[in-house]
Amino acid sequence: AEMTESINVMHGTIEHFVSGVTGFTENEFDLGISMAVFNHVHPDSDWIFEKIAYACKMLVVIEIETKDGSRTFKRNYKDVFEQYNFTQIEEYNCTKEFGLPEEYITRVFKKNVVKKTRAKKKEIDKVEDEIDGKTNGESW
Numbered sequence: 027a028e029m030t031e032s033i034n035v036m037h038g039t040i041e042h043f044v045s046g047v048t049g050f051t052e053n054e055f056d057l058g059i060s061m062a063v064f065n066h067v068h069p070d071s072d073w074i075f076e077k078i079a080y081a082c083k084m085l086v087v088i089e090i091e092t093k094d095g096s097r098t099f100k101r102n103y104k105d106v107f108e109q110y111n112f113t114q115i116e117e118y119n120c121t122k123e124f125g126l127p128e129e130y131i132t133r134v135f136k137k138n139v140v141k142k143t144r145a146k147k148k149e150i151d152k153v154e155d156e157i158d159g160k161t162n163g164e165s166w
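Take the sequence shown: its letters are residues 27 to 166, numbered as in my numbering.
Here it is in structure tokens:
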């Protein structure tokens, strides 16, 4: 009962939840899971993947990647999420592991974390200041 009280399950369209209407903050969710949902997202809504990547620290994606149909769309989710600073850390054949049809692939992703050292932070701040026109290219 304790776990069910702390889990936030959402119902509705993905576009609604990741749009500006109810937008998420960066790394708001420790884990995002999709099973047989993303393959139904029309290519016109591919923008949602960047929003999902922004909001999640890890992702588990269980999807059919190879079939195009009237309501399903082919995507390689490794390619999709690695462009948004994620690394795939696991891949499973769902037939062998979970008894699902052979078209399903499970991929587990973890967001790459970039730590700012003090020196790196100064370098980044300097570049940002130059961009903002505050330092006019002067050195520290």
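Beta carbons are placed, not taken as given, at the ideal position from N, Cα and C, and that holds for glycine.
- Burial is judged here by how many other beta carbons sit within 10 angstroms of a residue's own beta carbon; Asn34 has fewer than 16 and is exposed.
- Put simply, the backbone Cα of Gln109 is about 15 Å away from that of Lys83.
- A Cβ-Cβ distance of about 6 Å is found for the pair Lys136 and Thr113, placing them in contact under the 8 Å criterion.
- DSSP places Thr92 outside both helix and strand once states are collapsed to three, so it counts as coil.
- In its chain, beyond the 5 residues on either side, Ser60, Tyr103 and Arg133 have a beta carbon closer than 6 Å to the beta carbon of Val87.
- Selection Leu85, Ser96, Glu129 and Val139 evaluated against Pro69 yields Ser96 as nearest (Cα-Cα).
- Contiguous alpha helix (DSSP H) elements confined to the segment 100-126 occur at 103-108 and 120-124, taking only those with 4 or more residues.
- Put simply, of Asn138, Glu52, Thr30 and Val63 the residue whose alpha carbon is nearest the alpha carbon of Ile40 is Val63.
- Around the Cβ of Leu57, a 10 Å sphere holds fewer than 16 other Cβ atoms; the residue is exposed.
- Taken in chain order, the whole alpha helix (DSSP H) runs of length 4 or more contained in the segment 29-58 are 40-44.
- The Cβ-Cβ distance between Arg101 and Glu91 falls below 8 Å.
- The straight-line gap separating the alpha-carbon atoms of Asn65 and Glu129 is approximately 12 Å.
- Between Val106 and Phe75, the C-beta spacing is below 8 Å.
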